[in-house]
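For the sequence shown, position 179 matches number 234 in this note's numbering, and the numbering has no gaps at all.
Below you'll find the structure, written out as C-alpha cells, and then a few comments.
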Amino acid sequence: METWTITRLLDWTTDHFNKLNIAWPHLEAEILLAHCLGLKRIELYTNHARILTQDELTKYKSLIERRGKREPIAYITNNKQFMSLDFYVDRSVLIPRPETEQLVEIIIETIKSTLIPNPYPLIADIGTCSGCIAISLAKYLPNIRVIGIDSSLAAIKIAQNNAECHQVSDRCEFVEGDMFEILNGGLKTSATSEKTDVAATFRSP
56 METWTITRLL DWTTDHFNKL NIAWPHLEAE ILLAHCLGLK RIELYTNHAR ILTQDELTKY
116 KSLIERRGKR EPIAYITNNK QFMSLDFYVD RSVLIPRPET EQLVEIIIET IKSTLIPNPY
176 PLIADIGTCS GCIAISLAKY LPNIRVIGID SSLAAIKIAQ NNAECHQVSD RCEFVEGDMF
236 EILNGGLKTS ATSEKTDVAA TFRSP
C-alpha cells in the first residue's frame with residue numbers, strides 16, 4: 056500500500072491547489088491538513104515523517120475536494136481568525152473579512168480616546184453573525200458592554216457560544232430580532248457588518 060507522510064501530502068496538495076489557481080496553495084494545504092489531523096500548523100513540521108492512516112487520508116481527501124469546489128476554507132474548518140481570536144463559523148453566518156478588523160480597530164481607538172461620561176458604554180453590533188465584532192470589542196475593551204443583534208436564531212446561538220469560548224458572556228448579550236424594535240436609545244456606538252460593506256457610526260451620548 057502506498058504511504059503518505061505529512062511532508063509528501065503537503066507537497067502534493069500545494070501542487071494540486073496551484074493547478075486550481077487557489078491563491079495561497081501552501082498555506083491552505085497546511086490549514087486543511089492540520090485541521091484533519093487535529094494538529095497546530097507548526098506540528099506538521101515537527102511530525103513531518105508521520106504516515107497517515109487510511110481513515111485520515113479519506114478524511115483529508117474529502118476536505119481537498121470541498122476546497123477544490125471553491126468552498127471557503129473557513130466553512131470547511133469551521134474556524135476563522137479575527138482580531139487574533141478564533142471564531143467558530145458555519146454556513147449560518149458570514150465569514151468575517153479582513154476589512155472588518157479595521158472597523159473594530161477604529162471603534163477601539165475611538166472609545167479609548169473619547170471622554171465618555173458613562174464608564175461602561177453600551178455598543179450595538181447590528182447583524183452580529185458570529186459575534187466577531189461584539190466579542191472582539193468586549194475582549195479588547197474590558198469596560199464596555201455589547202449587545203449583538205441578528206435576525207437569525209442560528210447566528211445568535213453561534214455568537215453566544217463564541218462569547219463563552221472567549222469568556223466575555225457577562226458583557227455580551229445576543230438578541231434575535233429586528234434592530235429597530237430592540238434598540239431603545241442610550242447606545243454610544245453602533246457597528247454594522249454587512250455582506251458587501253462595513254460602516255461605523257458614532258453619536259453623542
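By construction, the Cβ of each residue, glycine as well, lies at the ideal position given by its N, Cα and C atoms.
Since the model is a prediction, treat every value here as computed from it, not as a measurement.
Checking the DSSP bridge columns, you'll see residue 136 partnered with 141. Measuring C-alpha to C-alpha distances from residue 221 to each of 204, 82, 142, 198 identifies 142 as the nearest. Counting only runs of at least 4 residues, the region 67-113 fully encloses the following alpha helix (DSSP H) elements, listed from N- to C-terminal order: 80-92, 98-101. Spatial neighbours of residue 89 in its own chain (CB-CB distance under 8 Å, excluding positions within 5 residues in sequence) are listed in chain order as 95, 96, 98, 99. Under DSSP, the beta-bridge partners assigned to residue 228 are 202. The three-state secondary structure of residue 150, taken from DSSP, is coil. Going by DSSP, residue 192 is part of the alpha helix (DSSP H) stretching over 187-195. The beta carbons of residue 68 and residue 128 sit no closer together than 8 Å.
Sorting 163, 206, 61 by C-alpha distance to the C-alpha of residue 181 places 206 at the top. A buried status is given to residue 92, since no fewer than 16 other beta-carbon atoms sit within 10 Å of its beta-carbon.
The region 63-81 and the region 108-126 touch, with three or more beta-carbon pairs separated by less than 8 Å.
The three-state secondary structure of residue 62, taken from DSSP, is helix.
Non-local beta-carbon contacts of residue 217 in its own chain, meaning distances under 7 Å to residues more than five positions away in sequence, involve 142, 143, 185, 186, 190 in chain order. Listed in chain order, the non-local C-beta contacts of residue 195 below 6 Å within the same chain comprise 163, local neighbours out to five positions each way being set aside.
For residue 208, the number of other beta carbons within 10 angstroms of its own is below 16, and it is reported as exposed. The criterion of a C-beta distance shorter than 8 Å is satisfied by residue 214 and residue 203.
The beta carbon of residue 137 sits closer than 7 Å to those of 151, 156, 187, 191, all from its chain and outside the five residues before and after it, given in chain order.
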